[in-house]
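Notes to accompany the following structure.
Protein chains: 2
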Amino acid sequence: MKQQAVFRALADPTRRAILKRLQGGALSAGDIGAAFDITPASLSHHFAVLKQADLVRTERRGQYIVYSLNSTLMEDVARMVMDLFPIQPSKGSKR
Amino acid sequence: MKQQAVFRALADPTRRAILKRLQGGALSAGDIGAAFDITPASLSHHFAVLKQADLVRTERRGQYIVYSLNSTLMEDVARMVMDLFPIQPSKGSKR
DNA sequence: GCGTCATTTAGATATTTGTCTAAATATCTA
DNA sequence: TAGATATTTAGACAAATATCTAAATGACGC
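First to last, the protein sequences are chains A and B.
Positions in the first sequence are counted from 1; adding 13 to them yields our numbering.
Positions in the second sequence are counted from 1; adding 13 to them yields our numbering.
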């Protein structure tokens, strides 16, 4: 588990916005990029960082490349963050 | 709430290690630094970043400056992270 | 196959960041 | 008050990062 890759990926505001944008469901690179004032090349760079952290998954769908959140990593991310603080998770907090 | 400051602060491995080190309780700058192969000046820089994110609190105790985790921010941090993912917190998960 | 659209890769550049050394500030003790 | 210890500040520098333009790759429809 690349803890460093995850934290680094989350450090950039554009990347966090991308993640939020994907909450509604999978989107093509272009659809995601439409919301940002940034070139496709820069976007692609951010995608690469998110992918390296395994936060998103990709799938080519014809001409498009579709991004989606890697939900299976969420618990791990949550745990990593929690782990930085001296909280004991309450017994009822499984999800 | 300086979301950007928090995520940026967490992005560095040394700073995350500092937070972990503080889980056991408050420590002076020197005591924290003993675990790292880094100059006091660099340490101080990291403290500044953590303080700016409001993740740690300081208190001068005589000659020393004592750092401690800002526990009241923890929930907020957790929420910020959770907020990036489409999870609904389960009802039992208050802490 | 060609032109077009969507995305990535390569290479350049400016900014940010982590680190250092040296100097400044603050506090203690003799 | 002088010297020692703890920490921060200032300034410099190298490495990492975010961005851009231009070119490459892949897939579609004619």
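All C-beta atoms in this analysis are idealised placements derived from N, C-alpha and C, irrespective of residue type, glycine included.
Can you tell which of the options has its C-alpha closest to the C-alpha of residue i?
i               : options                            : result
Leu40 (chain B) : B:Pro26, B:Ala66, B:Leu82, B:Lys15 : B:Leu82
Ala30 (chain B) : A:Gly37, A:Leu32, A:Leu63, A:Gln17 : A:Gln17
Met87 (chain B) : A:Met87, A:Val94, A:Ile78          : A:Val94
Ala61 (chain B) : B:Ile51, B:Asp50, B:Tyr80          : B:Tyr80
Gly37 (chain A) : A:Ser84, A:Val90, A:Arg92          : A:Ser84
Thr52 (chain A) : A:Arg74, A:Glu72, A:Thr27, A:Ala91 : A:Thr27
Leu35 (chain A) : A:Leu68, A:Tyr77, A:Arg73          : A:Leu68
At what residues does the alpha helix (DSSP H) containing residue i begin and finish?
i               : result
Leu63 (chain B) : 53-65
Thr71 (chain B) : Counting along the chain, Thr71 (chain B) falls outside any alpha helix (DSSP H), though it belongs to the beta strand (DSSP E) covering 69-74.
Ala18 (chain B) : 16-23
Ala30 (chain B) : 26-34
Ala42 (chain B) : 42-46
Asp50 (chain B) : Element bounds for Asp50 (chain B): n/a, residue is neither H nor E.
Ala91 (chain A) : 87-95
Could you name the residues of the same chain whose beta carbon sits closer than 8 Å to that of residue i, not counting the 5 residues immediately before and after it, in chain order?
i                : result
Leu97 (chain A)  : none
Gly105 (chain A) : Residue placement at Gly105 (chain A) cannot be trusted, given a pLDDT of 39 that sits under 50; what the coordinates show is reported in the next sentence. Nothing meets the Cβ criterion.
Ile8 (chain B)   : In the structure as shown, chain B begins at 14 and stops at 108. Residue 8 (chain B) is therefore absent and cannot be evaluated.
If I measure Cβ to Cβ from residue i and keep anything under 6 Å in the same chain, skipping five residues before and after, which residues do I get?
i                : result
Arg21 (chain B)  : none
Ser103 (chain A) : Low per-residue confidence applies at Ser103 (chain A): pLDDT is 43, beneath 50, and the placement is therefore not dependable enough to give any value.
Ala91 (chain B)  : none
Phe49 (chain B)  : none
Ala66 (chain A)  : Ala18, Val19, Ala22
Gln101 (chain A) : Interpretation of Gln101 (chain A) is limited by its pLDDT of 46, a score under 50 that renders its predicted location unreliable; the figure taken from the coordinates is listed afterwards. Excluding positions up to five away in sequence, the list is empty.
Gln76 (chain A)  : none
Going along chain B, which residues have a C-beta under 7 Å from residue i?
i               : result
Val94 (chain A) : Val90, Ala91, Val94
Leu32 (chain A) : Leu97
Gln36 (chain A) : Pro99
Start and end of the beta strand (DSSP E) containing residue i?
i               : result
Leu82 (chain A) : 77-82
Please work out which residues of its chain come closer than 7 Å, Cβ to Cβ, to residue i, disregarding the five sequence neighbours upstream and downstream, and give them in chain order.
i               : result
Leu23 (chain B) : Arg29
Arg74 (chain B) : none
Lys64 (chain B) : Thr71
Leu32 (chain B) : Leu68, Leu82
Using the beta-carbon of each residue, which ones in chain A are nearer than 8 Å to residue i?
i               : result
Leu82 (chain B) : Phe98, Pro99
Output, in chain order, the set of chain A residues within a Cβ distance shorter than 9 Å of residue i.
i               : result
Phe20 (chain B) : Phe20, Leu23, Ala24, Asp25, Pro26, Arg29
Identify the contact partners of residue i in chain A, using a Cβ-Cβ distance below 7 Å as the criterion.
i               : result
Gln17 (chain B) : Pro26
Counting Cβ pairs closer than 8 Å, one from the segment 39-47 of chain B and one from the segment 56-66 of chain B, do we hit at least three? Yes, the segment 39-47 of chain B is in contact with the segment 56-66 of chain B.
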